[in-house]
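Novice:
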Amino acid sequence: MRAAVRALLLVAAVVMPLVLPTFLLTALTEMMILGLFAMSLDLLVGYTGLDSFGHAAVYGFGAYSAALLLLHTGVSLPVAILGGAVFTAAIAVPMAWLCTRATGVAFAMLTLAFAQLLYAVAYKWQSVTGGSDGLAGVPRTAGPLGMSWFTSRIGYYYLAAGCLIAAYVFCRGFVASAVGTTLLAIRDNERKAQALGYNPRAYKILVFVLSAFLGGLAGALYAPFAGFASPDLFFWMLSGQVLIMVVVGGAGTLGGPILGAAFFLALEHYLSVVTDSWALVLGLVFIAVVLFAPQGLWGMVRGRAVP
Amino acid sequence: MAAPYLECEGLSRHFGALAALDGVTMRVESGEIRALIGPNGAGKSTLFNVITGVLAPTAGVVRFKGERLSGLPPHEVCARGLSRTFQITALFSRLSALENVRLAAQARSAQRWRILPGGPATHQTLREGRQWLERLGLSALADTPAGLLSHGDQRLLEVAMALAQRPEVLLLDEPTQGLSVEETARTVDILRALLSGGGLTVLLVEHDMEVVFSLAQHITVLNRGRVIADGATEAVRQDPRVQEAYLGGLA
Amino acid sequence: MLFLISIGLTLIFGIMRIMNFAHGALYMLGAYAGFTVAAWTGSYWLALVLAPLSVAAIGIVLESVALRPLYRREHGAFLLVTFGLALVIGETIRLGWGPDPRRLPIPPALAGSVTILGAPFPTYRLFLAVTGAVVALALWQFLARTRLGLLIRATSQNAEMVHALGVDVQVVRAGVFGLGCGLAALGGVMATPLVSAHLGMGVNVVVDAFVIVIIGGMGSFGGSIVGSLLLGLVQTFGNFYLPDLALAAIYLAMIAVLVLRPRGLFGPEE
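Encoded structure:
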């Protein structure tokens, strides 16, 4: 059953752009990017029990890195995107090392502080980041090897979808691996995991950096997609929104957060046409989910509880 | 080279002005089954916590095979060959019983750093997990989430996890606590069968004197953070100081 | 004014271990409510009293409805729900009052300036500072000296024991949360003549309040005072000498404190 659903979704993802009108394709591309972003956070929140309130940090950093690469160097689009992800993973190492010194609320506050710090830097460092206006006119440089197809709207969709699918496949394997199951143990009872001989901090740093790589990848996909990068990409509101996507979609399921991202975008695009207060609906749904259905939408659909 | 043994020398642990441990000196020989008894608050669990690295001593050292153990974090103490169970059951409640034991077995293998699934190492640890579940009589519960097991089965699962690590020293913190008479008997039988093979050094904290007398060869008695008696089971049983402080009219 | 907000946040975190993300939104609610009361009654002073009280009441309701089920669960849930509440409150304000900022004039009694140390100092800001100090003092004395205050502190340490003594812990918690909200709202009302009630004021303020609480010590009132002062100093001097770094500096400080001394400068030793 599960395999059939996945196959169906895969086919749909491949076929969609050929049947959809342009503006829907853009929305779908955005969903792929946000889905990747949300899924990367799920590794932290759903699988390791680390509530990060600053995940926008990696999104923004990936976006700015890719934007700067595309604006100031001649590298092609795929290289810039990969570069953005790699740079984000690199900066995540010291971040992870510092943040994992704390647990619980202190950890959440530390991640928030880092994100706000990057926000402040992006806001003020006019010469490099364009200050409050951000970086505009980010090009989709084709580069050699005839990769120009990716720069078109349809091509970009396939690029984003491809990244999401590849990341999903990797994450599926990762959470079932030795390291992945250890993360679940740490989530359940860190003290016991440590008593068994696992070093929890090392694992936390590992998953943090991995999550940063994927989140940075999402951000790096975003900058050329939207054509700009702004400090808002670091702001804690975005961190909160992606957390909402993960929780509403269903933490600890990988598929749930992607669903959550779709839900978020659907609310934003469709509900905002009908009523002015889509954010209110989102907030209420979010609170309701946390209170009454912590397994999220995906969990409800599959009848499985991930408390 | 001396056979592996565990040594506490002048071990003290203070919490503010309170001395939970006060100059505890204890030597456990290789292959020994040593019971640690004493009234509530005597410092038994604190001693376990200091030995396994959960707490650092405020004075004194713990040595294992001649090497200093005190001051190391818990995961490194475990890597040196000491496994423990906890007084308040500590399991991965959302994972299945089999997964719990498998994780315990996996912890000491280098394969635990694989980030891709499957592989021969996982099959190996799965096999070991099933074996241990069987030896402890828990095979039927392999796929049950650990949080849903009965109290007795949970405590047995913890023992299985500790054993799955193939430790050199096993520290059991009140393994029969909260168990019914029948469950206690079953646990003792299992433990006796497992320990009769030798090669395992055991430190056992227990309140149930019958369990102590049926399993332990040596007893160390703690009271208020100090060792008040230490020796072969029969000798300690007869010691008037111990009888007065702890055994009351039981011995 | 940031100080009043931090005091409320410290109260809620210190007693209930909840980092209230909605605190900024409640501050904003206080501002708008104050504006409305003043518009109806024409009196700033009435607004000063009624708005915080009504927001405190709302806070009590929120705690009972949205937060009570979470005490049994892990702490992460609180952060999530209060964030959701912040969103909901923010949106409700936008729908109820519209997107335009609402101005409240400084009451005539507090207009103008007084001379301090030979330089003119706005009377209203003085009023703010004095009120903040009075509130802090009153709260401190209340918690330290009165029976109710002792009860509240006991609840934060060991809720079960308090419950065993026959006290309804839920009432205490709801009350404390309401009090914290009321304090935030008070800050909001007092801020309105200066910055006018506008959307997004909650968002701007909440992270700063978090920074103060964390640097000062999560749960320590003295710490909040020191924290607010420090923040004010850093911002004022930073903006003057190194404007580019000022904004980043406070977050660096927050990180440094969390990493080196997670309990903050004056936090409780556990």
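Residue numbers (the working numbering), protein chains in the order written: chain A, 1 to 307; chain B, 1001 to 1251; chain C, 2001 to 2270. The beta carbon of each residue, even a glycine, is placed where N, CA and C say it ideally should be. Being a predicted model, the structure only gives us computed values, none of them experimental.
Any contact between the region 15-32 of chain A and the region 156-172 of chain A? By contact I mean 3 or more CB pairs, one from each, below 8 Å.
Specialist: Yes, since at least three Cβ pairs between the region 15-32 of chain A and the region 156-172 of chain A fall closer than 8 Å, the two stretches touch.
Novice: First and last residue of the alpha helix (DSSP H) that includes B/V1101?
Specialist: Within the second sequence, numbered from 1, the residue matching residue 1101 of chain B stands at position 101. B/V1101 -> alpha helix (DSSP H) spans A1097 to Q1106.
Novice: Could you list which residues in chain A have their beta carbon closer than 8 Å to that of C/L2186, in chain order?
Specialist: Taking the third sequence and counting its residues from 1, the one referred to as residue 2186 of chain C is at position 186. The premise fails here: C/L2186 is roughly 24 Å from chain A at the closest Cβ pair, so nothing lies under 8 Å.
Novice: Against chain A, with Cβ distances strictly below 9 Å, would B/T1052 count as a contact?
Specialist: Taking the second sequence and counting its residues from 1, the one referred to as residue 1052 of chain B is at position 52. Chain A, which has a Cβ nearer than 9 Å to the Cβ of B/T1052, makes this yes.
Novice: A/F61: which of A/L284, A/I258, A/L280 and A/L214 sits nearest, CA to CA?
Specialist: Position 61 of the first sequence holds residue 61 of chain A. The shortest Cα separation from A/F61 among A/L284, A/I258, A/L280 and A/L214 belongs to A/L214.
Novice: Output yes if chain A places a C-beta closer than 9 Å to the C-beta of B/P1074; else output no.
Specialist: The residue you call residue 1074 of chain B lines up with position 74 of the second sequence. Yes - at least one Cβ of chain A is within 9 Å of the one on B/P1074.
Novice: Could you tell me if B/Q1106 is buried or exposed, where buried requires 16 or more neighbouring beta carbons within 10 angstroms of its beta carbon?
Specialist: Counting from one through the second sequence, the residue named residue 1106 of chain B turns up at place 106. So B/Q1106 counts as buried.
Novice: Closer than 9 Å, Cβ to any Cβ of chain A: which residues of the region 1095-1129 of chain B, in chain order?
Specialist: Cβ contacts with chain A: L1095, E1099, N1100, R1102, L1103, A1104, Q1106, A1107, R1108, S1109, Q1111, R1112, W1113, R1114, I1115, L1116, P1117, G1118, G1119, A1121, T1122 and T1125.
Novice: When DSSP labels each residue in this structure, what does A/A202 get in the three-state scheme?
Specialist: Reading the first sequence from its first residue, position 202 is the one you call residue 202 of chain A. Of the three classes helix, strand and coil, the one that applies to A/A202 here is helix, per DSSP.
Novice: DSSP three-state label for C/N2020, please.
Specialist: On the third sequence, position 20 is the one that residue 2020 of chain C refers to. Looking at C/N2020 - three-state DSSP - the assignment turns out to be coil, as it is neither helix nor strand.
Novice: On the premise that B/R1094 lies in contact with B/P1145, defined as a C-beta separation below 8 Å, what is that separation, rounded to the nearest angstrom?
Specialist: Position 145 of the second sequence holds residue 1145 of chain B. Position 94 of the second sequence holds residue 1094 of chain B. That belief holds up - the Cβ atoms of B/P1145 and B/R1094 are roughly 6 Å apart, short of 8 Å.
Novice: Residues in its own chain within less than 8 Å of A/L70 by CB, not counting five upstream and five downstream?
Specialist: Walking along the first sequence from the start, residue 70 of chain A turns up at place 70. Contacts found: L77, A80, V138, P139, R140, T141, A223 and P224.
Novice: Taking Cβ to Cβ, would you say B/A1090 is nearer than 9 Å to B/Q1165?
Specialist: The residue labelled residue 1090 of chain B in the question sits at position 90 within the second sequence. The residue labelled residue 1165 of chain B in the question sits at position 165 within the second sequence. Taking 9 Å as the Cβ cut-off, B/A1090 and B/Q1165 do not qualify as a contacting pair.
Novice: Quick one: is C/E2160 buried, meaning 16 or more other Cβ sit within 10 Å of its Cβ, or exposed?
Specialist: For this step, residue 2160 of chain C is matched to residue 160 along the third sequence. Exposed: under 16 other Cβ atoms inside 10 Å.
Novice: Could you pull out every residue in the same chain whose Cβ sits closer than 6 Å to the Cβ of A/A89, ignoring the five residues on either side in sequence?
Specialist: As a working note, residue 89 of chain A is residue 89 in the first sequence. Same-chain partners within the cutoff: V209, A212 and F213.
Novice: I want to verify the contact list: residues of chain B whose CB lies under 7 Å from the CB of A/S177, in sequence order.
Specialist: Here residue 177 of chain A refers to the residue found at position 177 when the first sequence is read from its first residue. Chain B residues near A/S177: R1114, I1115, L1116 and P1117.
Novice: So what's A/A251 in DSSP terms, helix, strand or just coil?
Specialist: Taking the first sequence and counting its residues from 1, the one referred to as residue 251 of chain A is at position 251. Coil at A/A251, not helix or strand.
Novice: Would you check if the region 279-290 of chain A and the region 45-61 of chain A touch, i.e. whether three or more CB-CB distances between them fall below 8 Å?
Specialist: Too few Cβ pairs lie closer than 8 Å, so no.
Novice: Mind checking C/P2052: buried by the 16 CB within 10 Å criterion, or exposed?
Specialist: For the purposes of this step, residue 2052 of chain C is identified with residue 52 of the third sequence, where counting begins at 1. Label assigned to C/P2052: buried.
Novice: Taking Cβ positions, are B/P1039 and A/Q194 nearer each other than 9 Å?
Specialist: Indexing the second sequence from 1 puts residue 1039 of chain B at position 39. Indexing the first sequence from 1 puts residue 194 of chain A at position 194. Taking 9 Å as the Cβ cut-off, B/P1039 and A/Q194 do not qualify as a contacting pair.
Novice: Could you tell me which chain B residues have their CB closer than 9 Å to the CB of A/L184, listed as they occur along the chain?
Specialist: In the first sequence, counting from the first residue as 1, residue 184 of chain A sits at position 184. Per Cβ cutoff of 9 Å: F1092, R1094, L1095, E1099 and L1103.
Novice: Quick one: does the C-beta of B/V1205 sit closer than 8 Å to a heavy atom of the ligand GTP?
Specialist: This structure lacks the ligand GTP, and indeed carries no ligand of any kind.
Novice: Quick one: what's got a C-beta closer than 6 Å to A/F174's C-beta in the same chain, skipping five residues either side?
Specialist: The sequence position of residue 174 of chain A within the first sequence is 174, counting from 1. Within the same chain, A/F174 has close Cβ partners G180.
Novice: Under the assumption that C/G2187 contacts C/Y2071 (Cβ atoms under 8 Å), give the Cβ distance between them as a whole number of angstroms.
Specialist: Translated into positions along the third sequence, residue 2187 of chain C becomes position 187. Translated into positions along the third sequence, residue 2071 of chain C becomes position 71. Contact doesn't hold; Cβ gap of about 27 Å is too wide.
Novice: With a 10 Å radius around its C-beta and 16 neighbouring C-beta atoms as the bar for buried, classify C/D2099 as buried or exposed.
Specialist: Taking the third sequence and counting its residues from 1, one reaches residue 2099 of chain C at position 99. The displayed chain sequence assigns Pro, not Asp, to residue 2099 of chain C. It counts as exposed.
Novice: Between A/K192 and chain B, is there a C-beta pair that is closer than 9 Å?
Specialist: Residue 192 of chain A sits at position 192 when you count from the first residue of the first sequence. True, the Cβ-Cβ gap to chain B drops below 9 Å.
Novice: Residues in its own chain within less than 6 Å of A/G255 by CB, not counting five upstream and five downstream?
Specialist: The count along the first sequence starts at 1 and reaches residue 255 of chain A at position 255. Hits under 6 Å: W298.
Novice: Could you name the residues of chain B that A/A106 contacts, counting a contact when the two beta carbons are closer than 7 Å?
Specialist: Working through the first sequence from its first residue, we reach residue 106 of chain A at position 106. Residues of chain B passing the Cβ test: none, with the nearest at roughly 19 Å.
Novice: Is it right to say B/S1244 is buried, meaning 16 or more other beta carbons lie within 10 angstroms of its own, or is it exposed?
Specialist: Taking the second sequence and counting its residues from 1, the one referred to as residue 1244 of chain B is at position 244. Looking at the sequence itself, residue 1244 of chain B is Glu, so the reference to Ser does not match. B/E1244 is exposed by the Cβ-count criterion.
Novice: Could you tell me whether any Cβ in chain B is nearer than 9 Å to the Cβ of A/D51?
Specialist: Translated into the one-based positions of the first sequence, residue 51 of chain A becomes position 51. Taking Cβ atoms only, chain B never reaches closer than 9 Å to A/D51, which makes this a no.
Novice: Identify every residue that forms a DSSP beta bridge with B/E1206.
Specialist: For the purposes of this step, residue 1206 of chain B is taken as the residue at position 206 of the second sequence. Answer by DSSP bridge pairing: none, since B/E1206 is not bridged.
Novice: Determine the chain A residues that contact B/C1078 at a beta-carbon separation under 9 Å, and present them in chain order.
Specialist: Here residue 1078 of chain B refers to the residue found at position 78 of the second sequence. Under the 9 Å cutoff, chain A gives Q194, A195, L196, G197 and Y198.
Novice: Using a Cβ cut-off of 9 Å (strictly closer), state whether B/F1064 contacts chain A.
Specialist: Translated into the one-based positions of the second sequence, residue 1064 of chain B becomes position 64. B/F1064 does not count as touching chain A.
Novice: Let me see if you follow: with CB-CB separation under 9 Å, is A/T253 close to chain B or not?
Specialist: Here residue 253 of chain A corresponds to residue number 253 of the first sequence, with the count starting at 1. For A/T253, the answer is no, since every Cβ of chain B falls outside 9 Å of its Cβ.
Novice: Can you confirm whether B/R1084, when its beta carbon is compared against all beta carbons of chain A, has any partner nearer than 9 Å?
Specialist: Indexing the second sequence from 1 puts residue 1084 of chain B at position 84. It does: the Cβ of B/R1084 has a partner Cβ on chain A nearer than 9 Å.
Novice: Would you check if the distance between the CB atom of C/G2227 and the CB atom of C/V2213 is smaller than 9 Å?
Specialist: Residue 2227 of chain C sits at position 227 when you count from the first residue of the third sequence. Residue 2213 of chain C sits at position 213 when you count from the first residue of the third sequence. Cβ distance < 9 Å, so C/G2227 and C/V2213 count as in contact.
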